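Residues in the sequence shown are numbered consecutively from 0, following numbering that gives the first Met the number 0.
Each residue gets a CB set at the ideal place from its N, CA and C atoms; glycine is no exception.
All of these numbers come straight from a predicted model, not from anything done at the bench.
For reference, the structure discussed in these notes is given below.
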Amino acid sequence: MNFTRWSARLPGTQRRAARDGDGSVPAARGEYGPRQEHPAEDGGPGEVPALEDFPVRELLGRLPGLVALVYGPEHRIAYVNEAYVSAFGPRPAGATVAATCPEAEELGLLPLLDQVLRSGRTRTVKSRRTADGGSYTVTCLPVDGPRPDGAVLVHAADVTDHADAAERLRASERRHRETAVTLQRSLLPQELEQPDDLRIAATYQPGVADAAVGGDWYDVITLGAGRTALVIGDVMGRGVRAAAVMGQLRTAVRAYARLDLPPHEVLQLLDGLAAEIDASQIATCVYAVHDPNEGKLVYASAGHLPILVRDQDGTVRKAEGATGPPLGTGGWLHSSGSVALPPGSTAVFYTDGLVERRREDIDEGVDALARALSGATGTPQVVCDRLLRALGVTAEHDDDVAVLVVQHPARDGADAELFHNAALELLGGVEAAPRARAFASGVLSSWRFPVELRDLGVLATSELVGNSLQHGTPPMRLRLRRTDRRLIIEVTDGDDHLPRRRRAETEDEAGRGISIIATIASSWGSRRTPGGGKAVWCEFALRD
């Protein structure tokens, strides 16, 4: 029964009786019609009481919800029921709500009462909390319609238990998200490696508070001999599970990168591992390798968005080849492609959160990113920030975003003097070794290295060339490279058998070359080269 709608239609004298009298309402048959005859339980004729016969005050007083009746533009109190008194204490009749009902201000009722009087329409506020910690959903109903001196019936339902349960749920979701974000950030690189020839910056931004964090990730891995692996990926999932899968994939990529394999072979290994980790999780990834001697990125993609490269003149190119299905699908042979990265150019790796929008094709988002990149200049971090702003990524973004910006700076002047390359084709037989030593000595002297480092460099050159002459096949090549931080010596040949360090016995006449290099150099390594063959290299760190 809708008591408020009924009381709104009571004649004035009956309303006053409900407010000031004993709570009983006189019969007024003309208002709601005559009594209806109804058979009595004993079979005789019975009579159904009219609605006016019910005592309004008694009914309102017994309601479990909080009820108050206020009247006039000053909202003076006409009546409060027992539930209201139990919740907030007694309220004197005739006093104003503003003066005697602090709970009304806490619940935001004063402007609501004014709206109801002006409009004659019912208004409701949901789950408002008072100072004592209770939560109420309040409905205000007009009694006399849209008149300034009318009355308003206030009904408040105690929803404290529901509100507390909802708050506990929200707190649990916040903790869950914070755990996922913490896990996600802890699995990302805490500090990006900065190669000699590149300048790199990255950013990761999780989605808004009510969206679970995803599995976006990136990495930068120095491979030695000046080469750098650049990785970005996205696990298509939410929460801790996606972050955990992401962490396992990132760890696996770092392990596979140490094998110095071509990009497509790294993705092939990662594809099989992804299916073993969690076949239900779809992941995309781009793995690229930069070699400063080649001036390009060699890459492979497993279902990921294309790398964008901005040339020095502002032209933007997409690396759209060498793309296979996402990781974990199996049955696909990945391939490697390449895109030029000359001095002065910038490459951008990104996840779909940067370019994907509802009701918009993702290609349109990639095109928008390309337009933004064409005008984005400055340091890699500045470019990151500009791209996020241009694509409308704010703190309220509904998806997580990862961006990796790689610049190959154009060097001139004194800075350029710190970077040099020199190469020699190793022709002939045993005479190639002394020719290589003489070449290395002359180059290192021209680069103004101290005598100690020059002698170590010549010794390392001799051992690498001797190893290649003994165990390798033509064509053979010696390459020297200096950067602002290191000297790199590399020898390539046509044999793909990789050397390994072993312990030479006292009577052995050979087998000490790699051990000598490992002792005198800062680091060394080997890898197979495209098309067959291998490269063996070592590095010497330069003092400031």
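- Nearest Cα to residue 312 within the set 376, 489, 133 and 83: 376.
- DSSP, read as helix, strand or coil, puts residue 324 in coil.
- Annotated as distal: residue 367 and residue 326, with beta-carbon spacing of 8 Å or more.
- The beta carbon of residue 67 sits closer than 6 Å to the beta carbons of 79, 83 and 153 from its chain, once the five residues preceding and following it are set aside; these are given in chain order.
- Membership of residue 158 in any beta strand (DSSP E) is not indicated, and neither H nor E is assigned to it by DSSP.
- The beta carbon of residue 488 lies closer than 7 Å to those of 456, 459, 460, 463, 479, 536 and 537 in the same chain, with the five residues before and after it left out.
- Here the alpha carbons of residue 408 and residue 197 stand approximately 7 Å from one another.
- Residue 525 places its beta carbon 8 Å or farther from that of residue 517.
- Taking residue 296 as the centre and dropping the five residues before and after it, the same chain places the C-beta of 287, 289, 338 and 340 closer than 6 Å to its C-beta, in chain order.
- Under the three-state reduction of DSSP output, residue 453 falls in the helix class.
- When rounded, the separation of the alpha-carbon atoms in residue 228 and residue 254 is 12 Å.
- Within the DSSP bridge table, the entry for residue 230 names 218 and 286 as partners.
- DSSP, reduced to helix, strand and coil, places residue 204 within a strand of the structure shown.
- Nearest to residue 293 by C-alpha distance, out of 300, 251 and 224, is 224.
- When DSSP states are grouped into helix, strand and coil, residue 85 belongs to the helix group.
- Between residue 394 and residue 371, the C-beta spacing is not below 8 Å.
- Across the structure, residue 177 and residue 303 are spaced so that their CA atoms are roughly 27 Å apart.
- Under the DSSP assignment, residue 66 falls in the beta strand (DSSP E) whose first and last residues are 65 to 70.
- With 16 or more other CB atoms across the displayed protein chains lying within 10 angstroms of its CB, residue 405 is buried.
- Shown here for residue 333: same chain residues with a beta carbon closer than 6 Å to its own, the five before and five after excluded, namely 263, 266, 267, 299 and 323 in chain order.
- Of the candidates 249, 107, 201 and 531, the residue whose Cα lies closest to the Cα of residue 381 is 201.
- DSSP, reduced to helix, strand and coil, places residue 247 within a helical segment of the structure shown.
- The alpha-carbon of residue 441 is positioned some 46 Å away from that of residue 384.
- Per DSSP, residue 141 is not a residue of any alpha helix (DSSP H); the beta strand (DSSP E) it occupies stretches across 134 to 141.
- By the criterion of a C-beta distance shorter than 8 Å, residue 89 is surrounded in its chain by 79, once the five residues flanking it on both sides are discounted.
- The closest CA to that of residue 258, considering only 280, 279, 226 and 539, is found on 226.
- When secondary structure is reduced to three states using DSSP, residue 193 falls in the coil class, being assigned neither helix nor strand.
- Assignment of beta-bridge partners to residue 420 by DSSP yields 480.
- Shown here for residue 532: same chain residues with a beta carbon closer than 7 Å to its own, the five before and five after excluded, namely 491, 492, 493, 494 and 495 in chain order.
- Secondary-structure assignment with DSSP links residue 414 through no beta bridge to anything.
- Boundaries cannot be given for residue 74, as no beta strand (DSSP E) includes it and DSSP labels it neither H nor E.
- Looking at the DSSP output, residue 537 bridges to 488 and 523.
- In this structure, residue 386 lies away from residue 365, with their beta-carbon atoms at least 8 Å apart.
- Assignment of beta strand (DSSP E) within the region 338 to 418, counting only whole runs of 3 or more residues, yields 344 to 349 and 400 to 407 in chain order.
- Residue 432 sits away from residue 486, with the two beta carbons spaced by 8 Å or more.
- As computed with DSSP, residue 123 is found in a beta bridge with 138.
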